[in-house]
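A.B. asks: If you're matching positions, the sequence shown starts at 0 in numbering that gives the first Met the number 0 and goes up one per residue.
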Amino acid sequence: MILASSILLRRRLFCFTKEVAVKLFINDLTVMDFSFLDAEAGLIGDSLIVDIILEGDLNAESMVMDFSHAKKSIKHEIDKLADHVLIVPEQNSHIIVSHAGTTTEVAMLRKNGETQCFISGPQESFWLVQADNITSRCLESQIEKHLLACLPQGVKDITITLRPESINGDSYHYSHGLKKHRGNCQRIAHGHRSAIRIFVDGERSHMWEQKWATRWNNAYLLSREDVVTVTTLSPRGVAYWHKGLTCSSWRSSQGYFEIMLCSEVVDILPCDTTVESLALFIRQSIEHGLPAAKIEVHAFEGVGKGAIA
0 MILASSILLR RRLFCFTKEV AVKLFINDLT VMDFSFLDAE AGLIGDSLIV
50 DIILEGDLNA ESMVMDFSHA KKSIKHEIDK LADHVLIVPE QNSHIIVSHA
100 GTTTEVAMLR KNGETQCFIS GPQESFWLVQ ADNITSRCLE SQIEKHLLAC
150 LPQGVKDITI TLRPESINGD SYHYSHGLKK HRGNCQRIAH GHRSAIRIFV
200 DGERSHMWEQ KWATRWNNAY LLSREDVVTV TTLSPRGVAY WHKGLTCSSW
250 RSSQGYFEIM LCSEVVDILP CDTTVESLAL FIRQSIEHGL PAAKIEVHAF
300 EGVGKGAIA
């Protein structure tokens, strides 16, 4: 009698667990490296870590969704939507969005009507969000809606959490583009939030780290060879130009890109803006003032990767 009751109880427990929705979590699924427009601060580069929770019924394999498939397919969708793009709050009254064929053109104006920035490029290099301003919760909600339409029917709900990396020390937000890159880094307005570590004669120098973090925070890093005159730009770009703007453009494998930004936020460099070149530029700049010192620079590009010079 006792044995029969025990078997019955186990069966009831098993049936109960099969009927209750279960949550599957994946932390550190991917990192979104992107830039976004803010009416006050302008163009801001950022990097956010993505955590997800999937809720649903158990399938025939007693899973909500296979881990390997979930990681691969969801990462692909998030990267396609939000990685290495310019995120635009389309409902902001200071932002004007227009389209010409497969090209998207975005202008952000100051309160006096003067152009703060203008960016043009293939439509896939932008993510237009129906919002007045960009917040983490706004992006989480948009990604959740997008993913629910792509996931298996058994997945009933998804929760996205976007979080910044916890950095012990200084960091900076910068935007750039790499015209020579074959992938999405060629997009002219994407960015990163990056840590910086600088060692002088083997000792970490918080003073130098702070100097570079201040110099490049909310900056656009531009190679000198990519600076152009306004006469080379598209008619739309010319229409938004004023003498306080720095202009750049290039044609690469994904198409034609243009950008104009207020000159005070553009740091024109004598090198490419790859993280390898940036690390070397920082080191050489410090060595110019400290010729006898041994300088080592660890420049990050977003989360968990970078270059040492």
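Glycine is no exception: its CB is placed at the ideal position from the N, C-alpha and C atoms.
On the DSSP letters alone, give me the boundaries of the beta strand (DSSP E) that A212 sits inside.
C.D. replies: Working through the sequence shown from its first residue, we reach residue 212 at position 213. Careful: A212 lies outside any beta strand (DSSP E), inside the alpha helix (DSSP H) at 205-215.
A.B. asks: For E312, which residues in the same chain have their Cβ closer than 8 Å to its Cβ, ignoring the five residues on either side in sequence?
C.D. replies: Since the first residue of the chain shown is 0 and the last is 308, residue 312 is not available in this structure.
A.B. asks: Kindly indicate the opening and closing residues of the beta strand (DSSP E) around K22.
C.D. replies: Taking the sequence shown and counting its residues from 1, the one referred to as residue 22 is at position 23. First-last of the beta strand (DSSP E) with K22: 21-37.
A.B. asks: Hey, S119 and F33: beta-carbon distance below 8 Å or not?
C.D. replies: Taking the first residue of the sequence shown as 1, we reach residue 119 at position 120. Taking the first residue of the sequence shown as 1, we reach residue 33 at position 34. Not closer than 8 Å, so no.
A.B. asks: With respect to the alpha helix (DSSP H) encompassing S135, which residues constitute its N-terminal and C-terminal limits?
C.D. replies: As a working note, residue 135 is residue 136 in the sequence shown. Its alpha helix (DSSP H) spans residues 135-147.
A.B. asks: Report the CB separation of V87 from R186 in whole angstroms; it is logged as a contact under 8 Å.
C.D. replies: Numbered from its first residue, the sequence shown carries residue 87 at position 88. Numbered from its first residue, the sequence shown carries residue 186 at position 187. Between R186 and V87 the Cβ distance is about 13 Å, and since that is not below 8 Å, they are no contact.
A.B. asks: Assuming A187 is part of the alpha helix (DSSP H), what are its boundary residues?
C.D. replies: Within the sequence shown, the letter at position 188 stands for residue 187. Position check: residue 187 holds Ile in this sequence, whereas Ala was assumed. From DSSP, I187 is part of no alpha helix (DSSP H); its letter is neither H nor E.
A.B. asks: Can you give the beta carbon distance from A38 to N132, rounded, assuming they're within the 8 Å contact cut?
C.D. replies: Here residue 38 refers to the residue found at position 39 of the sequence shown. Here residue 132 refers to the residue found at position 133 of the sequence shown. About 7 Å separates the two Cβ atoms, so the contact holds.
A.B. asks: Excluding the 5 residues flanking K155 on each side, which residues of the same chain have their C-beta closer than 8 Å to its C-beta?
C.D. replies: Translated into positions along the sequence shown, residue 155 becomes position 156. Answer for K155: A20, E54, G55, D56, listed in chain order.
A.B. asks: With DSSP collapsed to three states, give me the class of R253.
C.D. replies: Sequence index remark: in the sequence shown, residue 253 carries index 254 (1-based). First, the amino acid is wrong: residue 253 is Gln here, not Arg. Here Q253 sits in coil by DSSP.
A.B. asks: Does the Cβ of F24 have 16 or more other Cβ atoms within 10 Å, making it buried, or fewer, making it exposed?
C.D. replies: For this step, residue 24 is matched to residue 25 along the sequence shown. By the 10 Å Cβ count, F24 comes out exposed.
A.B. asks: The beta strand (DSSP E) spanning I283 covers which residue range?
C.D. replies: Taking the sequence shown and counting its residues from 1, the one referred to as residue 283 is at position 284. It is Gln, not Ile, that sits at residue 283 in the sequence shown. Careful: Q283 lies outside any beta strand (DSSP E), inside the alpha helix (DSSP H) at 274-288.
A.B. asks: Would you call S124 buried or exposed, if buried means 16 or more other Cβ atoms sit within 10 Å of its Cβ?
C.D. replies: For the purposes of this step, residue 124 is taken as residue 125 along the sequence shown, with counting starting at 1. It is buried - the Cβ of S124 has at least 16 other Cβ atoms within 10 Å.
A.B. asks: Please identify the residue among R109, E113, G182 whose C-alpha is closest to the C-alpha of G254.
C.D. replies: Taking the first residue of the sequence shown as 1, we reach residue 254 at position 255. The candidate whose alpha carbon is nearest that of G254 is G182.
A.B. asks: Is it buried or exposed, Q90, if we count other Cβ atoms within 10 angstroms and call 16 or more buried?
C.D. replies: Indexing the sequence shown from 1 puts residue 90 at position 91. Looking at its Cβ environment, which holds fewer than 16 other Cβ atoms inside 10 Å, Q90 is exposed.
A.B. asks: Name the one or two DSSP bridge partners that T114 has.
C.D. replies: Position 115 of the sequence shown, counting from 1, holds the residue named residue 114. DSSP lists L108 as partners of T114.
A.B. asks: Rounded C-beta distance between I52 and I157? I'm assuming under 8 Å.
C.D. replies: The residue you call residue 52 lines up with position 53 of the sequence shown. The residue you call residue 157 lines up with position 158 of the sequence shown. At roughly 7 Å, the Cβ-Cβ gap stays under 8 Å, so I52 and I157 are in contact.
A.B. asks: Measure the Cβ-Cβ separation of A292 and I281 and say whether it is below 8 Å.
C.D. replies: Reading the sequence shown from its first residue, position 293 is the one you call residue 292. Reading the sequence shown from its first residue, position 282 is the one you call residue 281. The answer is no: Cβ separation not under 8 Å.
A.B. asks: Sorted by chain position, which residues of the same chain lie with C-beta nearer than 7 Å to C137's C-beta, five sequence neighbours on each side aside?
C.D. replies: Along the sequence shown, one-based indexing puts residue 137 at 138. So the list reads V128, A130, once near-sequence residues are dropped.
A.B. asks: In the DSSP assignment, what are the bridge partners of D266?
C.D. replies: Here residue 266 refers to the residue found at position 267 of the sequence shown. Per DSSP, L220.
A.B. asks: Going straight from the alpha carbon of A308 to that of V30, what length do you get?
C.D. replies: Residue numbering aside, residue 308 sits at position 309 when the sequence shown is read from its first letter. Residue numbering aside, residue 30 sits at position 31 when the sequence shown is read from its first letter. Taking the straight line joining both Cα atoms gives about 24 Å.
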